[in-house]
Amino acid sequence: MDAVDELLSIRAAELYYEENLTQEEIGRSLQITRWKVGRLLTQAKEEGFVRIEILHSRARRPQLERRLRDERELTDAVVVSRAGVRNEDELQQRVAQAAADYLATLHPRPRVLGLSWGRTLADVAHHLRDGWSTATDVVQINGGVSMSQRPGTAAATAVSIAQKGGGAAALLPSPAILEQRATKEAIEADRVVARVLGAARSADAYLFSAGAADHRSVHVDSGYLSPADIDRLVASGAVGDVLGRYIDADGRIVDRELDARTVGLSLDELRRADVAIAAIAGEAKRAVAAAVVGSGLCTVLVTDESTAHHLLDG
Numbered sequence: 000m001d002a003v004d005e006l007l008s009i010r011a012a013e014l015y016y017e018e019n020l021t022q023e024e025i026g027r028s029l030q031i032t033r034w035k036v037g038r039l040l041t042q043a044k045e046e047g048f049v050r051i052e053i054l055h056s057r058a059r060r061p062q063l064e065r066r067l068r069d070e071r072e073l074t075d076a077v078v079v080s081r082a083g084v085r086n087e088d089e090l091q092q093r094v095a096q097a098a099a100d101y102l103a104t105l106h107p108r109p110r111v112l113g114l115s116w117g118r119t120l121a122d123v124a125h126h127l128r129d130g131w132s133t134a135t136d137v138v139q140i141n142g143g144v145s146m147s148q149r150p151g152t153a154a155a156t157a158v159s160i161a162q163k164g165g166g167a168a169a170l171l172p173s174p175a176i177l178e179q180r181a182t183k184e185a186i187e188a189d190r191v192v193a194r195v196l197g198a199a200r201s202a203d204a205y206l207f208s209a210g211a212a213d214h215r216s217v218h219v220d221s222g223y224l225s226p227a228d229i230d231r232l233v234a235s236g237a238v239g240d241v242l243g244r245y246i247d248a249d250g251r252i253v254d255r256e257l258d259a260r261t262v263g264l265s266l267d268e269l270r271r272a273d274v275a276i277a278a279i280a281g282e283a284k285r286a287v288a289a290a291v292v293g294s295g296l297c298t299v300l301v302t303d304e305s306t307a308h309h310l311l312d313g
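Anchor point for the sequence shown: position 291 equals 290 in numbering that gives the first Met the number 0, and the numbering is continuous, going up by one each time.
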């Protein structure tokens, strides 16, 4: 673009986007044809003179979504805008809303949805509309009975999503992490628990989040792990957890003994899923998001634009 066209392009963009003139009116003002005005406006966007930003809590970033699908070999991606976000809680709500929207438009509808638990998924359940499906059962894929005095959200999340989807919830009546490996093995061998885990392994789709390896973890909040346990896991290379299983940057289990005491689907079972939707947002979770995507733990990622940039550009 020569200097004359560059100035014309900028002026055309100002008149079109700031003065709200039509292309025909701009043509008369600049003494050029309406067709040239259209070409100048296109060039203004291509050259970066104009940046259009949709300021809505449900706005998405299609270019980042395409790059994630193409460059990170995902089946699909949903990237929400950070525009207007004031804090990380608001960002998590946007991603939870986007995950709820994605689930409600999933085709074919899953007959059985495998579900993890945590703050993000509790928010997904809140945002999910009634009637998002007419006959989708929900099954828990990892233990979630709280070990603390505070009430847990795992069962409530599963029941809410099932009720809104016209189905029933199969709950996994077990803590996420047991103190003894033998206890965990005995629980998974129980007829009721084994039946739930069998249903979990045959689910049509999975929805899960991931936790950062820090003291704000739901596993600390729920009484499964202490802050000192988290520090030890981080020292061993942990960047976060998926289904209660702590992984390093390459998606590998960092503590085999802890993993052997964790109830639920294994990460290898999750990797074999045809549809595995991960909803992960926020600066604290960028490292675990990269591990999830890089190690093939999800086929669909729902995230925010800053995390998407981190995954694509480092």
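Virtual Cβ for every residue (Gly too), placed ideally from N, Cα, C.
Could you pull the start and end residues of the beta strand (DSSP E) that isoleucine 246 belongs to? It spans 244-246 - the beta strand (DSSP E) in which isoleucine 246 sits, taken as one unbroken run.
Spatial distance of valine 219 from proline 226 (CA atoms): Approximately 7 Å between the Cα atoms of the pair.
Do the CB positions of alanine 283 and aspartate 213 come within less than 9 Å of each other? The answer is yes: Cβ separation under 9 Å.
Contacts around arginine 244, its chain only, beta-carbon distance under 7 Å, and the 5 residues preceding and following it disregarded: Residues Ile252, Asp258, Thr261, Leu266 of the same chain have their beta carbon placed closer than 7 Å to that of arginine 244, with the five preceding and five following residues left out of the count.
Do alanine 290 and valine 238 have their CB atoms nearer than 9 Å? The Cβ-Cβ distance between alanine 290 and valine 238 falls below 9 Å.
Under 9 Å, do valine 79 and leucine 90 count as touching if we go by C-beta distance? Contact: yes.
Per DSSP, which residues does phenylalanine 207 bridge with? Please list them. DSSP output for phenylalanine 207 lists Ala277 as bridge partner(s).
How is the beta strand (DSSP E) around aspartate 303 delimited, first residue to last? Segment 299-303, the beta strand (DSSP E) holding aspartate 303.
Excluding the 5 residues flanking leucine 29 on each side, which residues of the same chain have their C-beta closer than 7 Å to its C-beta? Excluding sequence neighbours, leucine 29 sits near Leu7, Arg10, Ala11.
Mind listing, in chain order, the continuous alpha helix (DSSP H) runs of no fewer than 4 residues lying wholly within the stretch 145-231? The stretch 145-231 contains these whole alpha helix (DSSP H) runs: 153-163, 180-188, 190-200, 217-220.
Below 6 Å CB to CB, which residues in the same chain sit around glycine 142 once its five sequence neighbours on both sides are set aside? Counting only Cβ-Cβ distances below 6 Å, and skipping sequence neighbours, we find Leu171, Ser173, Pro174, Ala175, Val262, Gly263.
State the CB to CB distance for the pair tryptophan 116 and threonine 156, rounded to an integer number of angstroms; the pair is presumed to be in contact (CB under 8 Å). With 8 Å as the limit, tryptophan 116 and threonine 156 qualify as a contact, their Cβ atoms being about 5 Å apart.
Cβ of glutamate 17 within 9 Å of Cβ of valine 36? In this structure, glutamate 17 lies away from valine 36, with their beta-carbon atoms at least 9 Å apart.
Less than 8 Å between the CB atoms is what I'm expecting for valine 301 and alanine 103, so what's the real figure, rounded? Their Cβ separation, rounded to whole angstroms, is 13 Å, which puts valine 301 and alanine 103 out of contact at 8 Å.
Tell me, to the nearest whole angstrom, how far the beta carbon of valine 49 is from that of aspartate 303; I am working on the premise that it is less than 8 Å. Between aspartate 303 and valine 49 the Cβ distance is about 24 Å, and since that is not below 8 Å, they are no contact.
What's the gap between the Cα of alanine 153 and the Cα of proline 61? Rounded to the nearest angstrom, the two C-alpha atoms are 32 Å apart.
Quick one: Cα of glutamine 92 to Cα of glycine 165, how far? Cα to Cα, glutamine 92 sits roughly 24 Å from glycine 165.
Run of the alpha helix (DSSP H) containing glycine 113, from where it starts to where it stops: Judged by DSSP secondary structure, glycine 113 falls outside any alpha helix (DSSP H) and instead within the beta strand (DSSP E) spanning 111-114.
Return the Cβ separation of leucine 196 and leucine 112 in integer angstroms, given the expectation that the two are a contact with Cβ distance under 8 Å. That belief does not hold up - the Cβ atoms of leucine 196 and leucine 112 are roughly 15 Å apart, past 8 Å.
Can you give me the Cβ contacts of alanine 248 inside the same chain, cut-off strictly under 6 Å, excluding the 5 residues immediately before and after it? Counting only Cβ-Cβ distances below 6 Å, and skipping sequence neighbours, we find Val238, Ala290.
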